[in-house]
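S.K.:
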Amino acid sequence: MRFAPSPTGSLHVGGARTALYNLLFARREKGTFILRIEDTDVERSREELTGQILSAMEWLGLEYDEGPYHQSRRYDLYKAAAERLLREGKAYRAFETPEELDAERKAAEAAGKSYRYSGAGRRIDPGESDRRAGAGERFVVRLAMPDETIVVDDLIRGRVEFPAEALDDFVLVRSDGHPLYHFSVCVDDVDMRISHVIRGDDHLANTPKHVALFRALGAPIPRFAHLGMILGTDKKKLSKRHGAAAVEEWRDAGILPEALFNFLALLGWAPGGDREILTRAEMEREFSLERVGASPSVFDPEKLLWMNAQYIARMPAEELLERALPHAAGGAPARDVALRAIELHRPRVRTPIEMGRALSSYAADPSEYEPEGLKKHVRPETAAQLDALARRLEGIPEGEWTAASTEAALRETAEAAGVSAGKLIHPTRLALTGVTVGAPLFDVVALLGRETSLRRLARFREKIRA
RNA sequence: GGCCCCAUCGUCUAACGGUUAGGACACGGCUCUUUCAAGGCCGGAGCACGGGUUCGAUUCCCGUUGGGGCCA
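Take the first sequence: its position 15, counting from 1, is numbered 29 in my numbering, and each next residue is one higher.
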């Protein structure tokens with residue numbers, strides 16, 4: 015198996031899924047997964063993008079067994095293959111100039127017919143062809159396509175037929191000696207002994223060309239499996255336009271690699287049963303192309319986020335802490351406090367980024383208070399009630415500062431003031447965290463500790479009096 | 001334009017001729033509750049259309065429509 019990206023952009027989620035299926039299939043079938051960089055398109059390929067793709071693959075857990083090979087370093091191979099095909103009469107030189115071809119194309123268009131190369135080069139005598147080439151005349155190398163229907167037996171789509179009339183003798187090598195995409199792909203697939211080609215649907219229409227090439231090359235034809243495209247919410251092929259189409263954008267958005275891996279695996283493949291969260295080992299054990307659907311699928315960020323939350327729910331606290339720490343911009347509390355905070359916020363966050371923010375709230379006092387919250391929970395009598403609460407809380411010694419003792423203090427205060435506990439709970443949460451929503455108040459109070467809680471309460475009382 | 005692919009809830013999907021068409025995300029309700037989540041329970045929501053084939057079609061075949069791709 016192989017994954018063969020072109021370094022013309024960062025790793026797209028569609029490409030990532032293709033790589034992922036190749037990987038799972040290779041593991042399942044005990045095959046070898048090869049990475050090959052298709053960088054023969056000099057105008058569009060950029061060196062640094064290769065590194066970007068490699069690191070995105072590594073992050074996602076798409077490890078390969080062999081490679082990366084670079085097509086740009088394998089020109090000798092393509093050259094030798096072209097010469098061999100020429101020698102064997104399976105390919106031929108065509109000497110038309112671009113202008114001539116353009117004229118033919120226009121003529122066909124004017125006649126209302128679809129254009130196909132005339133095949134004129136095919137009729138040039140080999141000796142004559144050699145002589146003209148030797149004389150320095152410019153030429154391209156074209157494959158002599160067989161005059162018969164080409165059948166592609168696709169593992170996902172079944173039998174697909176391409177009538178001979180639809181295909182013409184396509185160019186293998188440009189006049190400057192540059193091998194073209196379809197040619198280098200097949201030469202490499204033969205050389206690397208690729209047995210299964212799993213790739214995007216967009217290549218299905220090119221497959222008859224490849225089949226003809228494999229035959230001309232005298233090589234066994236690999237099995238093909240064409241995956242449906244991944245679409246944006248508007249049902250159009252997913253692209254940068256849709257926002258996050260690149261793997262690294264999801265990484266930066268706080269998506270865990272395991273979650274993205276799992277999500278992508280299920281975008282087109284359905285393991286039996288109702289399971290959605292699968293371990294890597296399960297996927298490698300159970301993956302099968304027979305259970306891969308043929309239709310395109312829409313990439314739903316909502317579900318990805320849900321899956322991310324599922325992974326967060328299952329992740330060991332230490333690991334989650336490690337992943338969240340880089341995002342704790344406002345600092346993080348001591349490790350023991352942080353680990354408890356993790357458990358408090360785990361069901362409330364969907365990314366390590368959000369967890370980082372939650373951790374910071376224990377390390378730094380709120381810099382501001384949610385205006386909506388102030389309006390809603392602060393009444394004229396609130397300040398005095400919070401004063402009373404503070405007095406009671408101050409009466410709790412450090413060693414007895416727990417969720418239970420502080421809750422009792424608050425409820426007693428409320429009762430003494432003749433108001434419901436909620437009248438105190440909400441402003442207190444706002445005082446301690448700056449926001450109106452979050453983990454259960456008394457757990458937060460306990461975690462914050464006596465000193466911090468009282469300090470934040472004092473600041474808030476000052477603030478609402480001002 | 002020619003050729004090719006695809007078609008089950010809004011979305012991801014299960015079903016491989018006979019099911020009250022199942023699950024998940026999202027949505028709504030209830031529950032839990034100091035808030036927000038998470039969890040639990042409940043609910044609304046789908047076989048694109050038309051012909052065949054068959055005792056029987058979501059399922060097989062053909063066409064239409066709609067999406068998509070490749071070539072130019």
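Glycine included, C-beta positions come from ideal geometry on N, C-alpha and C. Note that the coordinates shown come from a computational prediction; the quantities given were computed from them, not determined experimentally.
(1) Grab me the residues of Ile-439's own chain with a C-beta within less than 6 Å of its C-beta, minus the 5 sequence neighbours each way, in chain order.
(2) Which whole runs of the alpha helix (DSSP H) in the stretch 351-418 are 4 residues long or more, in chain order?
(3) Please report the distance separating the alpha-carbon of Pro-19 from that of Asp-203.
(4) Starting from the Cα of Arg-152, find the closest Cα among Arg-188, Met-159, Ala-178 and Glu-175 and give me that residue.
(5) With distances taken Cα to Cα, identify the nearest neighbour of Val-211 among Thr-46, Ala-295 and His-84.
(6) Measuring straight from C-alpha to C-alpha, what distance separates Tyr-35 and Val-306?
(7) Over what stretch of residues does the alpha helix (DSSP H) that includes Arg-265 continue unbroken?
(8) DSSP beta-bridge partners for Ile-212?
(9) Per DSSP, which residues does Leu-245 bridge with? Please list them.
(10) Assuming His-224 contacts Cys-200 (C-beta within less than 8 Å), just tell me the rounded distance between them.
(11) If I measure Cβ to Cβ from Leu-319 and keep anything under 6 Å in the same chain, skipping five residues before and after, which residues do I get?
(12) Between which two residues does the beta strand (DSSP E) containing Pro-82 stretch?
(13) Which term fits Gly-282, buried or exposed, when burial requires 16 or more other beta carbons within 10 angstroms of its beta carbon?
(14) Would Phe-184 pass as a contact of Leu-157 if the rule is Cβ separation under 8 Å?
(15) Starting from Glu-52, trace the beta strand (DSSP E) both ways and give me its first and last residue.
(16) What residues are listed by DSSP as bridge partners for Ala-108?
(17) According to DSSP, is Glu-290 helix, strand or coil?
(18) Going along the chain, which residues of its own chain have a beta-carbon closer than 8 Å to the beta-carbon of Tyr-78, five neighbours each way excluded?
(19) Taking the alpha-carbon positions, what's the Arg-328 to Val-165 distance?
(20) Under a three-way DSSP split, which group does Asp-168 fall into?
(21) Check whether the stretch 94-102 touches the stretch 51-62, counting contact only when three or more Cβ pairs, one atom from each stretch, lie closer than 8 Å.
(22) Mind checking which residues open and close the beta strand (DSSP E) that includes Val-185?
(23) Using the Cα positions of Phe-301 and Phe-39, report the straight-line distance between them to the nearest angstrom.
(24) So which of Asp-167, Val-458 and Thr-32 has the shortest CA-CA distance to Thr-221?
(25) Is His-196 helix, strand or coil by DSSP?
(26) Going by Cα to Cα distance, which pick from Ala-178, Arg-146, Ala-147 and Val-174 is closest to Asp-161?
(27) May I ask you to list the residues that DSSP assigns as paired with Arg-464?
(28) Who are the Cβ neighbours of Glu-382 in its own chain at under 7 Å, not counting the five residues just before and after it?
(29) Spatial neighbours of Ala-226 within its chain, please: CB distance less than 7 Å, with the 5 preceding and 5 following residues excluded, ordered by chain position.
M.R.: With the given structure in hand:
(1) Numbered from 1 along the first sequence, position 425 holds the residue referred to as residue 439. Counting only Cβ-Cβ distances below 6 Å, and skipping sequence neighbours, we find Leu-455.
(2) 366-377, 385-391 and 396-408
(3) If you number the first sequence from 1, residue 19 lands on position 5. If you number the first sequence from 1, residue 203 lands on position 189. Taking the straight line from one Cα to the other gives about 14 Å.
(4) Numbered from its first residue, the first sequence carries residue 152 at position 138. When only C-alpha atoms are compared, the closest one is Arg-188.
(5) Here the question's residue 211 lines up with position 197 in the first sequence. Val-211 has its Cα closest to that of Thr-46, out of Thr-46, Ala-295 and His-84.
(6) For this step, residue 35 is matched to residue 21 along the first sequence. For this step, residue 306 is matched to residue 292 along the first sequence. Going from the Cα of Tyr-35 to the Cα of Val-306 covers about 10 Å.
(7) Working through the first sequence from its first residue, we reach residue 265 at position 251. Start and end: 261-266.
(8) Walking along the first sequence from the start, residue 212 turns up at place 198. Looking at the DSSP assignment, Ile-212 forms a beta bridge with Ala-239.
(9) Numbered from 1 along the first sequence, position 231 holds the residue referred to as residue 245. Leu-245 pairs with Lys-251 and Val-312.
(10) Position 210 of the first sequence, counted from the first residue, corresponds to residue 224. Position 186 of the first sequence, counted from the first residue, corresponds to residue 200. Contact flag correct, Cβ pair sits at about 5 Å.
(11) Against the first sequence, residue 319 aligns to sequence position 305. Closer than 6 Å at the Cβ level, and outside the excluded window around Leu-319, lie Arg-364.
(12) By 1-based counting over the first sequence, the position of residue 82 is 68. Element bounds for Pro-82: 80-84.
(13) Mapped onto the first sequence, residue 282 falls at position 268. Counting Cβ neighbours within 10 Å, Gly-282 comes out buried, since at least 16 surround it.
(14) Taking the first sequence and counting its residues from 1, the one referred to as residue 184 is at position 170. Taking the first sequence and counting its residues from 1, the one referred to as residue 157 is at position 143. Yes, the pair counts as a contact, with Cβ atoms nearer than the cut-off.
(15) As a position in the first sequence, residue 52 is number 38, starting the count at 1. Element bounds for Glu-52: n/a, residue is neither H nor E.
(16) In the first sequence, counting from the first residue as 1, residue 108 sits at position 94. DSSP output for Ala-108 lists Val-154 as bridge partner(s).
(17) Start at 1 with the first residue of the first sequence, and residue 290 comes out as number 276. In this structure, Glu-290 counts as coil in the three-state DSSP scheme.
(18) For the purposes of this step, residue 78 is identified with residue 64 of the first sequence, where counting begins at 1. Here the set comprises Phe-17, Leu-37, Phe-47, Ile-48, Leu-49 and Met-71.
(19) Here residue 328 corresponds to residue number 314 of the first sequence, with the count starting at 1. Here residue 165 corresponds to residue number 151 of the first sequence, with the count starting at 1. So the two alpha carbons sit approximately 47 Å from each other.
(20) Sequence index remark: in the first sequence, residue 168 carries index 154 (1-based). Of the three classes helix, strand and coil, the one that applies to Asp-168 here is strand, per DSSP.
(21) no
(22) Numbered from 1 along the first sequence, position 171 holds the residue referred to as residue 185. Note, Val-185: beta strand (DSSP E), 185-187.
(23) Here residue 301 refers to the residue found at position 287 of the first sequence. Here residue 39 refers to the residue found at position 25 of the first sequence. So the two alpha carbons sit approximately 6 Å from each other.
(24) Here residue 221 refers to the residue found at position 207 when the first sequence is read from its first residue. Among Asp-167, Val-458 and Thr-32, the Cα nearest to that of Thr-221 belongs to Asp-167.
(25) Position 182 of the first sequence, counted from the first residue, corresponds to residue 196. Correct three-state label for His-196: helix.
(26) As a position in the first sequence, residue 161 is number 147, starting the count at 1. Of the candidates Ala-178, Arg-146, Ala-147 and Val-174, the one whose C-alpha sits nearest the C-alpha of Asp-161 is Ala-178.
(27) Your numbering for residue 464 matches position 450 in the first sequence. Answer is none; Arg-464 lacks a bridge partner.
(28) Counted from its first residue, the first sequence places residue 382 at position 368. Answer for Glu-382: Gly-448, listed in chain order.
(29) To locate residue 226, count along the first sequence from 1; it is residue 212. Taken in chain order, the residues that qualify are Leu-157, Met-159, Pro-160 and Ile-164.
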